[in-house]
Amino acid sequence: MSKPLSILGKYLNKPVMVELRGGKSYRGTLDGFDPHLNLVLRSAEELDEGKIIRKHDLAIVRGDNVIYISP
Numbered sequence: 020m021s022k023p024l025s026i027l028g029k030y031l032n033k034p035v036m037v038e039l040r041g042g043k044s045y046r047g048t049l050d051g052f053d054p055h056l057n058l059v060l061r062s063a064e065e066l067d068e069g070k071i072i073r074k075h076d077l078a079i080v081r082g083d084n085v086i087y088i089s090p
């Protein structure tokens, strides 16, 4: 059986969608993560209810807020 972090490791340097609590989400390239699911995203777009509200060269997302990560 695969462990979640090993599965997430397969998506390094690939585009992902990260859904957060409160209705916000990020779309960007997964640049790194740690065991707490803190994420580093490159070329990230911050979305609120599906609409782009900001673009970031680099975004750090705290793992406590993550609901899911989708490739």
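The numbering used here puts the first residue of the sequence shown at 20, with every later residue one more than the last. No residue lacks a Cβ here, since even glycine has one placed at the ideal position from N, Cα and C.
| Check | Outcome |
| --- | --- |
| Under a Cβ-count criterion, where at least 16 other Cβ atoms within 10 Å of its own Cβ denotes burial, should E100 be classed as buried or exposed? | This structure leaves residue 100 out entirely; the chain is present only between 20 and 90. |
| Measuring CB to CB, does D76 end up less than 7 Å from K43? | no |
| Starting from G28, follow the alpha helix (DSSP H) in both directions and report where the run begins and ends. | 23-28 |
| The beta strand (DSSP E) that contains H75, what's its start and end? | 70-80 |
| DSSP three-state call for D53: helix, strand or coil? | coil |
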